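Taken in order, the sequence shown gives residues 1 to 383; the numbers are from UniProt numbering.
These notes concern the structure reproduced below.
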Amino acid sequence: MITVEEVQNTHQKKEFLDFPARLYQHDKNYIRPLDKDINEVFNPKKNKFYKNGECARFLFKNKSETVGKIAVFINTSYEQNQPTGGIGFFDCINDQETANFIFDYCKNWLQERGIEAMDGPINFGERDKFWGLLMDGFIEPLYCMNYNFPYYKELFENYGFKIYFEQLCFSRPIFAEVSRVFTVMHAKHSKNPEISARPMKKNNLEKFAKDFTLIYNKAWASHGQGKCLDEAKTLKMFKTMKPIINEHISWFVYENEKPVAMWMNIPDLNQWFKYLNGKFGIIEKLKFLWVKKFKKNEKMVGLVFGVVPEWQKKGLEGYMIWEGTQHLRKHTDFKTTELQWIGDFNPKMIKIAENLDTTVTRKLATYRYLFDENKVFERHPIL
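If you want it as structure tokens, here you go:
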């Protein structure tokens, strides 16, 4: 007999955070997410998606023991072929009946609100955090990347979820040979006096926020479900990131001082946060500073890559990547770079990753479940 509790009081909120830690306590690859990162998703003052959406969290118990948890939500800006809701932050014991009960509960919650399908596991927020079900590559997760047991795949698919799109993560050793295509393009553009590359600097975040926003909006705003960024919000994000920005690993390219390309990377914060057990109070912040200073972080993560339309298909990415790679090899301890997930619906970015001689080190999936079984299921359109 499974009972349901909506997460509302302090004890329930704590259990929502603690249950996964107990579930994964014997999994050496599990890294507990920071409690504050989870809590902010469910804080209307922190999460802008509450302005056009609705969200609820639930605990599922067998007698007094928690056997599962989930969040279910509606985001009206999540444009799809039919009204589609989301589920995320799913954790469950290895029992199909329990999982079915949880999924049914979410389905009913969404149907009562006029929704016709549910995607999951996704985030009540942007795609760069807590998005997708891990399918392959059960290694330490990157910061704010979902991690789950292999049996979760069966729980989803046995219920009737189908893969809407796959999320590929590519990795390569920093000192591995770079594709000849990139070095040839670097040689070509290095001869052009109008082209220059430079790393991002902490003491000039205003300039780089402006340049980033310009490049991103030109390169991605009209691409798929992309949207324009606001320069003020970009600057706020950069200032938040300032303590962990490494000045050797994010690069911009300019044509006569006009920004035309960027390659943004940060250290993988989980290589430090894994020592904090999900907490980030005063003691943990001091511990973080100590770990950051004395523990080498050998993994960096590619966040975003962009070239303005007028410079696309001209090999400028080769110039930028080889320019940056030569520099960071000399000035950092990084040994591995991993690209944040690229959807299988984005062959252009996958091609760029493959040209870097990367290998797929992990694969996640975004699932979809249509409430009307007679409706034709369609995968994410190719960009």
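Beta carbons are placed, not taken as given, at the ideal position from N, Cα and C, and that holds for glycine.
Quantities reported herein were computed from a predicted structural model and do not represent experimental measurements.
Give the range of the alpha helix (DSSP H) segment to which residue i is assigned.
i: Tyr159; result: 152-159
i: Thr336; result: Note, Thr336: premise wrong, no alpha helix (DSSP H); beta strand (DSSP E) at 336-343.
i: Met349; result: 347-355
i: Ser190; result: 180-190
i: Phe305; result: No alpha helix (DSSP H) holds Phe305; the beta strand (DSSP E) holding it covers 299-307.
i: Leu316; result: 316-331
i: Trp272; result: 270-273
Which term fits residue i, buried or exposed, when burial requires 16 or more other beta carbons within 10 angstroms of its beta carbon?
i: Pro141; result: buried
i: Val7; result: buried
i: Glu166; result: buried
i: Ile74; result: buried
i: Ala176; result: exposed
i: Val4; result: exposed
i: Gly281; result: exposed
i: Phe252; result: buried
i: Gly114; result: exposed
i: Leu289; result: exposed
i: Val41; result: buried
i: Ala232; result: exposed
i: Gln340; result: buried
i: Gly224; result: Reliability fails at Gly224, whose pLDDT of 49 lies under 50, so the model's placement of it is uncertain and the value that follows must be treated cautiously. Gly224 comes out exposed.
i: Pro121; result: buried
i: Arg57; result: buried
i: Val181; result: exposed
i: Asp119; result: buried
Can you tell me whether residue i is helix, strand or coil according to DSSP?
i: Asn62; result: strand
i: Gly281; result: coil
i: Leu229; result: coil
i: Gly224; result: At Gly224, the pLDDT of 49 sits below 50, so the modelled position is not reliable; the number obtained from the coordinates is stated separately. Residue state, collapsed to three classes: coil.
i: Phe377; result: coil
i: Ala176; result: coil
i: Ile74; result: strand
i: Pro243; result: helix
i: Phe288; result: helix
i: Glu54; result: strand
i: Lys14; result: helix
i: Lys218; result: helix
i: Lys296; result: coil
i: Lys69; result: strand
Distance check for residue j and residue i, CA to CA, integer angstroms please.
i: Ser171; j: Arg127; result: 19 angstroms
i: Asp35; j: Lys14; result: 9 angstroms
i: Val376; j: Leu286; result: 54 angstroms
i: Pro83; j: Lys210; result: 35 angstroms
i: Lys239; j: Leu205; result: 7 angstroms
i: Val301; j: Asn277; result: 21 angstroms
i: Phe208; j: Trp311; result: 19 angstroms
i: Asn29; j: Gln271; result: 12 angstroms
i: Lys299; j: Trp322; result: 18 angstroms
i: Ile266; j: Pro173; result: 16 angstroms
i: Pro259; j: Thr76; result: 34 angstroms
i: Met320; j: Phe212; result: 15 angstroms
i: Asn9; j: Ala365; result: 32 angstroms
i: Lys274; j: Arg32; result: 7 angstroms
i: residue 432; j: Gly88; result: In the structure displayed, the chain extends from 1 to 383; residue 432 sits before or after that span and is not available.
i: Cys92; j: Lys335; result: 35 angstroms
i: Ile352; j: Ile342; result: 11 angstroms
i: Asn355; j: Val184; result: 13 angstroms
i: Ser250; j: Phe60; result: 43 angstroms
i: Lys279; j: Glu247; result: 27 angstroms
i: Leu155; j: Asp95; result: 8 angstroms
i: Pro20; j: Val291; result: 24 angstroms
i: Lys110; j: His11; result: Checking the sequence, you will find Leu at residue 110 rather than Lys. Cα to Cα, Leu110 sits roughly 26 angstroms from His11.
i: Lys26; j: His189; result: For the sequence presented, residue 26 should be read as His rather than Lys. Distance between the alpha carbons of His26 and His189: 51 angstroms.
i: Val308; j: Lys218; result: 6 angstroms
i: Phe149; j: Glu255; result: 47 angstroms
i: Cys169; j: Glu373; result: 32 angstroms
i: Ile245; j: Ile2; result: 46 angstroms
i: Asp37; j: Arg329; result: 32 angstroms
i: Met262; j: Ile215; result: 7 angstroms
i: Glu112; j: Met145; result: 30 angstroms
Within the continuous beta strand (DSSP E) that includes residue i, where are the two ends?
i: Phe252; result: 251-255
i: Ile266; result: 258-267
i: Phe90; result: 84-92
i: Leu5; result: The displayed chain sequence assigns Glu, not Leu, to residue 5. Start and end: 2-6.
i: Lys363; result: 359-370
i: Pro199; result: 195-199
Given the structure, does residue i come close to the ligand SAM, in the sense that its CB is under 8 angstroms from one of the ligand's heavy atoms?
i: Leu133; result: With respect to the ligand SAM, the structure shown offers nothing to examine, as it has no ligands at all.
Counting only C-beta atoms, is residue i closer than 9 angstroms to chain D at any point?
i: Tyr369; result: Structure shown: chain D not included; a single protein chain is present.
Within the region 18-50, ranges of the alpha helix (DSSP H) (whole runs, at least 4 residues): 35-41
Complete alpha helix (DSSP H) runs within the region 98-167 (minimum length 4 residues, chain order): 152-159
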